[in-house]
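So our numbering is basically just the index in the sequence shown, starting at one, shifted up by 10.
Notes follow the structure.
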Amino acid sequence: MFARLRRKRINPVLRDLLEETHLSVNDFIYPLFAKPGVGIKTEVSSMPGVFQMSIDEIVKECDELKKLGIYSIILFGIPDVKDSVGSDAMCEHGIISETIKAVKLTHPDMFVVTDLCFCEYTDHGHCGVIDPVAQTVDNDITLDNLAKQAVIHAKAGADMIAPSGMMDGMIMAIRDGLDGAGFVNLPIMSYSTKFASAYYGPFRDVAESTPSFGDRRSYQMNPANRREAILESIEDEKEGADILMVKPALAYLDIIRDVKNSTSLPLAVYNVSGEYAMLKVAAAAGIIDYDKIMMETLLGFKRAGADIIITYHAKEAAEILRA
Ligand code: PBG
Ligand code: ZN
11 MFARLRRKRI NPVLRDLLEE THLSVNDFIY PLFAKPGVGI KTEVSSMPGV FQMSIDEIVK
71 ECDELKKLGI YSIILFGIPD VKDSVGSDAM CEHGIISETI KAVKLTHPDM FVVTDLCFCE
131 YTDHGHCGVI DPVAQTVDND ITLDNLAKQA VIHAKAGADM IAPSGMMDGM IMAIRDGLDG
191 AGFVNLPIMS YSTKFASAYY GPFRDVAEST PSFGDRRSYQ MNPANRREAI LESIEDEKEG
251 ADILMVKPAL AYLDIIRDVK NSTSLPLAVY NVSGEYAMLK VAAAAGIIDY DKIMMETLLG
311 FKRAGADIII TYHAKEAAEI LRA
C-alpha cells in the first residue's frame, strides 16, 4: 500500500523508460586556450587536465575530441603582447584569428565558437577600454571594438560568436557589425546573465586575465539578484541573441530555471573553472567519487533547463557516456 511511487523504481528497464532528463555528448562545448608558439602544452596547476596550447597542439586536440564525439569547442586567445585596448583581438593575424583559421582548415567539421571579450588581451585585464576618469570600462567605445572583434572572428571562419563582456547593448552592436559585413547567418550565443563570481579564479590563471586593479562588479552581475538576472537575458534576446547563457552554473541552478521559463530561446550554461577545480581537488584527496559526482552535476544542469553545457569535463563525461 506504500508502493505507489516505489513500484516504478524496482525494475531497471522501467527506471530507464521513466528517466526524464538525458545527458548526451551533443550537449557539450569544450573550452580550449590558445597561445602563440609551437609544441606548447602547459598544464595550469589550478585546473588539472586543462592546458594552454599552441595552435598545432589545438589542432591535434581536435582529433582527440572528435574521437570522443565532441564536435563543439569554444576558443580563448592568450596573446604574447597585451595593450590598453586589446589590439591583438582586433588583428587579422592575432592569436584568436590564427587559431580559428587553423582549426577550420584542418577540421572543417568542428563547430568553432569564439569567446568575444578583451580581458585576455588588455594589459589591465578588464573586459574593454578603460575610461581614465571613471576608472571603469567605457561601455560605448568597447561596443565599437566588440563589433570589430566579431568581424575578425567571422572572417577567420568562426561558426558562432559568444560575447562574454557584459556590456550594455553588446548584442545589438555585434549583430549590426556582423550583418554589415555580410555575416547574417552567423549566430550569437550571448553570455547574457553572467555574475561577478569568485568561481572564475582558476580560469584567470589559465587565461592570464586577472584584472590588475579593481574587479568586474561594474559590469558583471551581483550574485544576489534574481529579477535582474532574468532581465539581463531578456534584454539580450530583444537585441537579437540566438542563444542565451547563465554563468556560473552550479550555484545558479535557480537562475537557469528562471531564465528557461522566461524565454523560448535555447539556453547554455557555463560550468566554470572553480566548479571544475573543486571536483578535481576533492577527487585527488580521495573524498568523492569523481565520475559519479561529475555526471550528477552535469545532469543537474540539464534538469534545471540547460540545452547546452560548456564544460571542462566534456572529454571525461563523453567517455562515460560512450561506455
Ligand atoms: C572572459 C571570460 C571569463 C570566463 C569566460 N569568459 C572570466 C571572467 O569573466 O573573468 C570564465 C570561465 C571560467 O571560469 O571557467 N570574460
Ligand atoms: Zn572579459
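Positions of the beta carbon are idealized from the N, C-alpha and C atoms, including for glycine.
*Would you call the stretch 67-83 and the stretch 114-134 in contact, with 3 or more CB pairs under 8 Å?*
yes
_Cutoff 8 Å; reference I298; Cβ partners in own chain excluding five residues on either side_ = Stepping through the sequence shown from its first residue, residue 298 is reached at position 288. So the list reads L289, A292, once near-sequence residues are dropped.
*Measure from the alpha carbon of F86 to the alpha carbon of each residue in R267, I266, V23, V122, then state which is nearest.*
Translated into the one-based positions of the sequence shown, residue 86 becomes position 76. Cα-wise, what sits closest to F86 is V122.
*asked:* Alpha carbons only, please: which of E30, I106, A13, I68 is nearest the one belonging to T52?
replied: Taking the first residue of the sequence shown as position 1, residue 52 is located at position 42. Nearest option by C-alpha distance: I68.
*Find out if the Cβ-Cβ distance for the pair Y201, P173 is shorter than 8 Å.*
One-based indexing of the sequence shown puts residue 201 at position 191. One-based indexing of the sequence shown puts residue 173 at position 163. Yes. Within cutoff.
*Within its chain, find whatever has a CB closer than 7 Å to the CB of C129; leave out the 5 residues flanking it on each side and keep chain order.*
Taking the first residue of the sequence shown as 1, we reach residue 129 at position 119. Answer for C129: G135, H136, C137, S219, listed in chain order.
_For ligand 2, is there any heavy atom lying closer than 7 Å to the beta carbon of C72?_
In the sequence shown, the residue the question calls residue 72 occupies position 62. Answer for C72: no, Cβ out of range of ligand 2.
_alpha helix (DSSP H) runs contained entirely in the stretch 57-123, provided each spans 4 or more residues_ = 65-77, 105-116
*Quick check: the stretch 59-66 against the stretch 176-195, are there 3 or more CB pairs under 8 Å?*
no
*Can you name the residues that DSSP bridges to F205?*
Position 195 of the sequence shown holds residue 205. For F205, which the question treats as bridged, DSSP gives the partners M231.
*For I106 versus F38, is the C-beta distance shorter than 8 Å?*
Within the sequence shown, residue 106 is the residue found at index 96, counting from 1. Within the sequence shown, residue 38 is the residue found at index 28, counting from 1. No.
*E326 versus L42, I318, M305, A208, residue with shortest Cα-Cα distance*: On the sequence shown, residue 326 is found 316 positions in, with the first residue counted as 1. For the residues L42, I318, M305, A208, the minimum Cα distance to E326 belongs to M305.
_Residues that K257 bridges to, as DSSP identifies them_ = On the sequence shown, residue 257 is found 247 positions in, with the first residue counted as 1. The partner list for K257 (beta bridge, DSSP) reads K204.
*asked:* Which residue marks the beginning of the alpha helix (DSSP H) containing Y300, and which one marks its end?
replied: In the sequence shown, residue 300 corresponds to position 290, counting from 1. Counting along the chain, the alpha helix (DSSP H) containing Y300 begins and ends at 300-314.
*asked:* I need the straight-line Cα distance from E242 to E29, nearest angstrom please.
replied: For the purposes of this step, residue 242 is taken as the residue at position 232 of the sequence shown. For the purposes of this step, residue 29 is taken as the residue at position 19 of the sequence shown. If I take the Cα positions, the gap works out to 32 Å.
*asked:* Between M176 and K158, how many whole angstroms is the CB-CB distance? I'm expecting something under 8 Å.
replied: Counting from 1 along the sequence shown, the entry for residue 176 is found at position 166. Counting from 1 along the sequence shown, the entry for residue 158 is found at position 148. The pair is not a contact, with the Cβ atoms about 18 Å apart (cut-off 8 Å).
*Taking only the alpha-carbon atoms, compute the straight-line gap between A164 and Y262 and give it to the nearest angstrom.*
For this step, residue 164 is matched to residue 154 along the sequence shown. For this step, residue 262 is matched to residue 252 along the sequence shown. If you take the alpha carbons of A164 and Y262, they lie about 31 Å apart.
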